[in-house]
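Under the UniProt record's numbering, the first residue of the sequence shown carries the number 1, and numbering increases by one thereafter. C-beta: ideal position from N, C-alpha, C; glycine also.
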Amino acid sequence: MKILLMKVKLRASWVHSLKEKRMIVKSIVQRLRNKFNISVCEVECQDMHQTIVIGITGICGSSSQMDSTIENIITFIECNTDAEIIDIQAEEDVL
């Protein structure tokens with residue numbers, strides 16, 4: 001078994017308030033949970049209204065499944081939000 005750990009940093013330059021940011025974060029987090037059955041939450045920069053940092057974790061059966069899941073998550077985020085991905089950190093751990 002492999003443990004997937006990801007941190008995705010996004011920039012939403014059109015956001016002007018924390019309330020507006022929370023709506024975006026809530027939407028993308030819920031959609032990721034539903035689509036991939038993973039744990040997702042905002043992990044950093046909660047007080048910065050144009051920066052979104054999402055932490056993602058999940059369990060995969062193999063390295064190839066994990067690589068595929070990472071690619072699918074990135075593609076899903078790109079297609080389902082107008083925010084720009086500015087950094088992706090992905091790690092794997094063996095269970």
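Spatial distance of residue 70 from residue 13 (CA atoms)
Going from the Cα of residue 70 to the Cα of residue 13 covers about 25 Å.
Go through the region 18-73 residue by residue and report every complete run of the beta strand (DSSP E) that reaches 3 residues or more, in order.
Counting only runs of 3 or more, we get 39-44 and 51-60.
Which residues does DSSP pair with residue 90 in a beta bridge?
Its beta-bridge partners are 6.
Buried or exposed for residue 100, going by 16 or more other Cβ atoms inside 10 Å?
Any answer about residue 100 is impossible in this case: the structure gives the chain only from 1 up to 95.
Considering only the alpha carbon of each residue, which of 18, 25 and 75 lies closest to residue 42?
Closest by alpha carbon: 25.
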